[in-house]
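Read through the structure below, which is laid out as C-alpha cells, and then see the notes.
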Amino acid sequence: MSAETVYIIPCSGIGKPTASVGREAAYRVVEDLAPAETDTLCLSLLTLGDPEAREKVRENRVITIEGCPKDCARKNVEASGAIPDLSRRVHDYLKEHRELKPESVMDIGAGGEKLADIIAEDIAAEARKLLDGKGD
Amino acid sequence: MADSRTGKDAIEIVVLPCSGLDKEAGSASRELALLLSQRGASIICPILYQRSPKRYEKELSSRPLLVIDGCKTGCASKLAAERGLKIAKKLTVTEAAKQSGVEAGKDPHLGKTLAGLLPSMAEELLAVETAQAPTPAGTRGQFSVVVTYREFGVGKFIFRVPEAGYFFNENDCWARVEGNRARLGVSDYVQQSASDMIFFEPPAIGAELSIFDEAGSLETTKTALDIISPVTGKVVAVNLAAVDAPELINEDPYERGWAIEIELTDFDGDRELLMDCPAYFDYLKKKTEKEHADLYGG
Amino acid sequence: MSEDQARKPMVGVLSCSGEAEPEGTIARNAVRLVIEKYRPGVTTSLCLPLYLAGDGGEREFARKYPVISVDGCGKSCAKLATEKYSGEVERCIDIHELIQEWGITQKLSRNHPGDVEKEIAERVAGEIVREVDRLTGE
C-alpha cells in the first residue's frame, strides 16, 4: 500500500439495486483495478465515531459512491468530520447508459455488472488523478 | 433598445455560467456569458449566488434563465436545480463544441478554435428566448402560495398529500390550479412506488392536451410511466430543472418537482372527474392499505 | 399501541453495511432473503446509511416497531445505530460469532459470494426468521 490511499466508500444502501451496483463498483476498484492505491472502509464505523476509521479518512483522500440521490455516503462522511474529495452517483452513470439498469438488490444482472465496470473504471482513474494531484 | 455594438435588440435574460477554472471549457463558459452580456443579458456569479442568493432574486423572478455548463459535470445546472430555478435553456460547452468537431482542451486558456465557436453558441442559446413565451407580469408569484400537507403511514412508508389547492386523478397525477393556469405533476405515492427518477421527457410547449392525455413520460430505476393529464389545455411551460435533474420529482413531488404548466380551457368540466385533496387522501389511504394486504395478506 | 401496530405486526431488520468484511456482505444477503423470500410483508429492511443520515422513515419506524440488528462483526454498527437514534434492539445477531460457533474456518469473499457464503447467509436468515416469528407470535 502506498503512503497515501484513496478510500472508496459506497453507500451500500440495502433497499435499491443501484446501491448494490455502487458497492460492486467499489470492490472492483479496490480489489481489481487499483488495489495498491485504494481501499474501502465501513461507512457506519465512520459515522458512529470509530477512531481508526476517522483517522483514515482524515489522513487520506475519499471518493464516495452514491446508490441514490439522497447522497448518504457523502453526508455520513461529512458528519464524521471529513470532506469527500469526490462524490459520484450511480444514477448519473445510468443516465448515460440507460440500457444498463440493474435487476435487483441481490442480483444486479448483466446490465448492472456492466454498469459497475464502467463506474469502477472511472473511479479508479479519478483515484489516480487525486494521488497525482490532478483530481477534481 | 438596440445594442450599440451589434445594432441588435438588447435581450432581457439572465445567464448562469459555470465557474470552471481548470479547463478550457470553463473559460469558454465565462466568455460565452460575457458575449451574451454585451447583448444586454445579466450574468449571475455562481459563487456569489451560492453565498447570497437574494442578490439575484429580482432578475431571476422576472427574466428567463439560460445556463451554461462548461462540461458534463454540470455544476451550473445542478446549482440551478438545487435552487428550484426554472431553466429556459442550457448549453454544455464540451457537447456543443463536439458537434462542430472540436474537442475542448485541458489547458485552461481559451484557444482560438473554441473561441471561434462562441458566437454561434450564443445564437443557439438566444434562439429559445423567442420560442418561449415570457411569463406575463400578472402571473409573477403564481404557484408560490405555501403548501401544507397531511400524511399517513403504511409500514415504514409515509405518504404526503397537500391539504388544499390540488386536484387528483385516479392515476395519482395532480393539477395545482391558480387562476387560468395549472401546474401538473405526480404524487408522493408515485415517486415512492416508482423509485428514483432518471429521465423526464415533457411534451412540447404549445401542445394541446385533453384530460387523460399523456402529459410527459418518466423513467425510473424500476419502471417507466406516463404522467396522465388531469386537465385540458395548452402547454405553456415545462420544468426544465426537472428535465435536467429528475430527482427533483422524488425530492419535492408537489412543488419544485412540477412537470408542466398548462393554460386551462375547460377546468369546470374537468373538475367533475377529479378528487380534491381530502378525497384523494382517503382514496390513497384505502388504496395503499389494500395493496399491502393483497401482497402480504392480513 | 398505534393504529399501525394494532393492525399488523411488523419487524424491522437492520443490517450493517460492512463493506470491508465478508460478514458484512453475508449480513446484507441474509436480510434480503428474509424480507423477500421467508417473511415478506411482516418484515421490512431498514437502510443503515439512510438511518445514519437521518433521512427516510427509518428512525421513526424503529421507534414504533421491534428491530433486529444483524451485524457482521463485534463492532456492532447496526445495533449501536439503533440504540443511538431509536431505542433498544430486540435481538442483535452477530455473524462473526455465529461463524465461529458453527466452526467455519475458511477464508470468505466479500464481493464474490460462493456456495459457502450463500449457505452461511441462508443459516443466518434462519436465525433471523426464528427471531421474527418469536416477535410476531407465529
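Sequence order for the protein chains is U, B and A. With my numbering applied, the first sequence corresponds to residues 1 to 136, in that order. With my numbering applied, the second sequence corresponds to residues 1 to 298, in that order. With my numbering applied, the third sequence corresponds to residues 1 to 138, in that order. Heads up, the beta-carbon is just placed ideally off N, CA and C, and yes, glycines get one too. Small disclaimer: the values here were computed from a predicted structure and weren't measured.
8 Å Cβ cutoff, residue i in contact with chain B
i: residue 44 of chain A; result: yes
i: residue 95 of chain U; result: yes
i: residue 114 of chain U; result: no
i: residue 36 of chain A; result: no
i: residue 41 of chain A; result: yes
i: residue 101 of chain U; result: yes
C-beta contact flag for residue i and residue j at 8 Å
i: residue 41 of chain U; j: residue 77 of chain A; result: no
i: residue 120 of chain A; j: residue 99 of chain A; result: yes
i: residue 140 of chain A; j: residue 23 of chain A; result: The question about residue 140 of chain A has no answer, for chain A in this structure spans 1 to 138.
i: residue 235 of chain B; j: residue 205 of chain B; result: yes
i: residue 108 of chain U; j: residue 25 of chain U; result: no
i: residue 232 of chain B; j: residue 194 of chain B; result: no
i: residue 22 of chain U; j: residue 105 of chain U; result: no
i: residue 43 of chain U; j: residue 17 of chain A; result: yes
i: residue 68 of chain U; j: residue 18 of chain U; result: yes
i: residue 21 of chain B; j: residue 76 of chain B; result: no
i: residue 118 of chain B; j: residue 31 of chain B; result: yes
i: residue 44 of chain B; j: residue 37 of chain B; result: no
i: residue 65 of chain B; j: residue 85 of chain B; result: yes
Short CB-CB distance (under 8 Å) between residue i and chain A
i: residue 105 of chain U; result: yes
i: residue 24 of chain U; result: yes
i: residue 131 of chain B; result: Residue confidence for residue 131 of chain B is low, a pLDDT of 42 falling below 50, so the modelled location carries little weight; the figure read from the coordinates is stated next. So, not an interface residue.
i: residue 76 of chain U; result: yes
i: residue 44 of chain U; result: yes
i: residue 18 of chain U; result: no
i: residue 50 of chain U; result: yes
i: residue 40 of chain U; result: yes
i: residue 142 of chain U; result: In the structure as shown, chain U begins at 1 and stops at 136. Residue 142 of chain U is therefore absent and cannot be evaluated.
Cβ of residue i within 8 Å of any chain U Cβ
i: residue 110 of chain A; result: yes
i: residue 196 of chain B; result: yes
i: residue 247 of chain B; result: yes
i: residue 92 of chain A; result: no
i: residue 221 of chain B; result: yes
i: residue 17 of chain A; result: yes
i: residue 169 of chain B; result: no
i: residue 20 of chain A; result: yes
i: residue 250 of chain B; result: yes
i: residue 130 of chain A; result: no
i: residue 137 of chain A; result: no
Contact test: residue i Cβ vs the ligand HEM heavy atom, cutoff 7 Å
i: residue 190 of chain B; result: Ligands are entirely absent from the displayed structure, and the ligand HEM is therefore not among its contents.
Of the residues that make up the segment 4 to 16 of chain U, which ones have a beta carbon closer than 8 Å to any beta carbon in chain A? 9, 10, 11, 12, 13, 14 and 15
Given a limit of 7 Å on CB to CB distance, which residues of the segment 150 to 162 of chain B reach chain A? 153, 155, 156, 157 and 158
Pick out the complete alpha helix (DSSP H) segments inside the segment 138 to 225 of chain B, 4 residues or longer, and give them in chain order. The segment 138 to 225 of chain B contains these whole alpha helix (DSSP H) runs: 188 to 194.
Assess contact between the segment 192 to 211 of chain B and the segment 93 to 105 of chain U, defined as three or more Cβ pairs (one per stretch) separated by less than 8 Å. Is contact present? yes
Which runs of the beta strand (DSSP E) fall wholly inside the segment 46 to 128 of chain U and span at least 3 residues, in chain order? 61 to 66 and 86 to 89
Mind checking the segment 62 to 74 of chain U against chain B and listing, in chain order, the residues whose C-beta falls within less than 8 Å of any C-beta there? 68 and 69
Would you be able to state if there are at least three C-beta pairs under 8 Å between the segment 67 to 86 of chain B and the segment 113 to 127 of chain U? no
Taking Cβ-Cβ distances below 8 Å as the criterion, which residues of the segment 74 to 100 of chain A are in contact with chain U? 75, 77, 78, 80, 81 and 84
Closer than 7 Å, Cβ to any Cβ of chain U: which residues of the segment 44 to 70 of chain A, in chain order? 45, 47, 48, 49, 50, 52, 53 and 55
Is there contact here, the segment 35 to 45 of chain A with the segment 27 to 39 of chain U, by at least three beta-carbon pairs under 8 Å? no
For the segment 85 to 97 of chain B and the segment 50 to 58 of chain B, state whether three or more C-beta atom pairs, one from each stretch, are separated by less than 8 Å. no
Please give the ranges of any beta strand (DSSP E) in the segment 233 to 286 of chain B, keeping only runs that are unbroken, at least 3 residues long and fully inside the region. 233 to 238 and 260 to 264
Are the segment 275 to 284 of chain B and the segment 5 to 18 of chain U in contact at 8 Å, needing three or more beta carbon pairs? no
Spell out a yes or no on whether the segment 262 to 269 of chain B and the segment 145 to 163 of chain B are touching, meaning 3 or more CB-CB pairs, one atom from each, closer than 8 Å. no
Should the segment 172 to 192 of chain B be called in touch with the segment 255 to 264 of chain B, which here means at least 3 C-beta pairs below 8 Å? yes
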